[in-house]
Amino acid sequence: MSEALLLIIDDDRPSRQLLQQLLRKDDYRLEFAEDGEMGLEMASQLQPDLILLDVVMPGLDGFEVCRRLRQDPKLAEVPILMLTALEDHQSRLTGLEAGADDFISKPYHVAELRARVRTVVRLNRYRRIRTERDRFGWVVENSEHGYLVVDQRGQLLYANSKARSIFGLDADSQGKAMLPLIESQFKLQPEEAWRDWPKLPQNGGLMLMRPETSQAPTSWMDVRVLSDSQETLLQLRDVTSELTSQRSVWSFESLICHKLRTPMTKITWGLSFIANKAERLSVPKIKEFAAQSQAGVDQLKGELESVLSYLNTPSARPSDGGFPLSYLEESLSEIVPQLELARVQVEYGPVIPATLPISRRAFEIILWEILQNSKKFHPHQSPLVVIKVFQQAENTILEVIDDGVCLSPEQLSHAFLPYYQGERAFTGQIPGMGLGLTMVRQMLWEAGGECVIRNRPEGQGVILEMRF
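For the sequence shown, the working numbering begins at 81 and goes up steadily by one.
Here is the structure:
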């Protein structure tokens, strides 16, 4: 078979260059059009095997270009993948009504983009999907993601091959109640979002976690929901490697900030004195400053070994009995000066357990992130932070209370979503990666805990509650 011809219609030059880079490793002939009119003309001349069509363009937008392509008898059956950053349901319906076969979201997931293109080209370059139901059926059955459809009672109506593999479903599974089956294999996170099953929120953030065992590490499924009055469609995407990579980067950044500043200060301070004032220093003084630098080097070596040890075993589940609460103030004595916080208090309830069921490294990273956020969201970066530790029924509660700003309902509801940065509206900047609270919550989930955030009932500031 000759190489497949792909026509890319996109007015943005960097986007065209990116697609060329992502698709050049595959055996495609790539042609480019810079606007809708040029795209229609080139499509008529080239008769491509697949069209990648941007939605937002000046002049003719992607929807109108798609409609005109479908009105041309020569082009009516050419597959069209629309490139869009628009995630709302109505925009996608508009695209389907215009004749699009599928959507690829920006920013691109490289593996998904290439897989989608390969899949469409593999269909003998022929448009086979004529209705939305047929389109769904083919795409999801051959997808790398799992798809489930359940009715109003939560009973299984459909599962594609990937979903059948994930949950161990067989040909007789139709009509089976899915929630008990899912709960037997995964923990549903966050728990409160799953309580109204099968009516689930559609704003993202749903996860399935398969706990760590002696044979396998923790694994994660991202769950996306599309519901109507009769059925609920769930998309399941394995994000274990993605989260592990994010966690490694974020953990390394946090540990570097937390653990390496003090020894680096010792090394720098000692060596700078020797370098700048050696001719005026006595031999004993030079030895003193050299010894101080050496102490910093030794401490740095130990801290680096502990960082690498943590990164090699990134689980938050304790392997050494957990985090002793007697170490809390010791850990804070390291973190608080590095964050330049002046007012951090700890209050203990009358009865508290000896340990928390979480690794010490993970808990110290969590403390660092939460206290850093308290500083970041305070108008003068000098919050009063009170950490309360108490027992409530069978749970151990840690509340971190600050006197910074209150958060809007949107900020509260999105605080734990990846890359959502509430401080952008507050500071006008986007420091960091936007992963902190997401990673905090996921580590607590792995340790069997939970995390919620709310505004203080009186006064300014928020309460971040960790529940074990």
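Built from N, CA and C at the ideal position, the CB exists for glycine as well.
Computed from a predicted model, the values in this text were never measured in an experiment.
When rounded, the separation of the alpha-carbon atoms in Gln315 and Phe183 is 15 Å.
Inter-segment contact for the segment 370–385 and the segment 412–428 is absent: fewer than three beta-carbon pairs are separated by less than 8 Å. Of Ala442, Thr293, Asp482 and Phe443, the smallest CA-CA separation from Pro459 is found for Asp482. Contact between Gln235 and Lys256 holds: their C-beta atoms lie close to 7 Å from each other, under 8 Å. Thr293 counts as exposed, since fewer than 16 other beta carbons sit within 10 angstroms of its beta carbon.
Under DSSP, Ser307 takes part in a beta bridge, and its partners are Thr312.
Ala296 sits exposed, since fewer than 16 C-beta atoms from the chains shown fall within 10 Å of its C-beta. The beta carbon of Val480 sits closer than 6 Å to those of Ile450, Ile467 and Leu544, all from its chain and outside the five residues before and after it, given in chain order.
In the three-state scheme derived from DSSP, where H, G and I count as helix and E and B as strand, Lys381 is classed as helix.
Leu313 and Pro417 have their alpha carbons spaced roughly 49 Å apart. Here Tyr108 is bridged, per DSSP, to Ala84. Runs of the beta strand (DSSP E) lying entirely within the segment 116–151 and spanning at least 3 residues, in chain order: 130–134. Taken through DSSP and simplified to helix, strand or coil, Arg423 comes out as strand. Spatial neighbours of Arg172 in its own chain (CB-CB distance under 7 Å, excluding positions within 5 residues in sequence) are listed in chain order as Phe183.
By the C-beta criterion, the segment 179–196 is judged to be in contact with the segment 152–167, since at least 3 inter-stretch pairs fall below 8 Å. Where Gln472 is concerned, the enclosing beta strand (DSSP E) starts and stops at Leu464 to Gln472. Taking C-alpha positions only, Leu132 is separated from Leu87 by approximately 6 Å.
In this structure, the alpha-carbon of Ile415 lies about 9 Å from that of Ile445. The criterion of a C-beta distance shorter than 9 Å is not satisfied by Glu322 and Glu530. A residue is called buried once 16 or more other Cβ atoms fall within 10 Å of its Cβ, and Gln522 is buried on that count. In this structure, Asp91 is the residue among Pro153, Glu368, Leu155 and Asp91 with its C-alpha nearest to the C-alpha of Val136. Excluding sequence positions up to five before and after Phe470, its CB lies within less than 7 Å of the CB of Gly429, Ile432 and Ile477, all in the same chain and listed in chain order. Taking 9 Å as the cut-off, the Cβ atoms of Ala396 and Ser362 do not count as close. For the pair Glu121 and Asn240, the Cα-to-Cα distance works out to about 39 Å. According to the DSSP assignment, Gly516 belongs to the alpha helix (DSSP H) that extends over Gly516 to Glu526. Burial is judged here by how many other beta carbons sit within 10 angstroms of a residue's own beta carbon; Asp250 has fewer than 16 and is exposed.
With respect to the C-alpha of Gly284, the residue from Leu268, Phe266, Pro291 and Arg304 having the closest C-alpha is Arg304. As the crow flies, the alpha-carbon of Phe369 is around 9 Å from that of Ile347.
The bridge partners DSSP lists for Lys267 are Met289.
DSSP places Arg202 in the helix class (H, G or I) of the three-state scheme. With a 10 Å radius around the Cβ and a threshold of 16 neighbouring Cβ atoms, Ser223 comes out buried. Between Arg194 and Leu103, the gap from beta carbon to beta carbon is short of 9 Å. The beta carbons of Arg198 and Asp318 sit about 19 Å from each other, so the pair does not count as a contact at 8 Å. The DSSP-derived three-state label of Trp274 is helix.
Per DSSP, reduced to three states, the secondary structure at Pro417 is helical. Within the same chain, Cβ atoms closer than 7 Å to the Cβ of Leu110 are found at Leu86, Ile88, Gln100 and Leu103, the five residues on either side in sequence being excluded.
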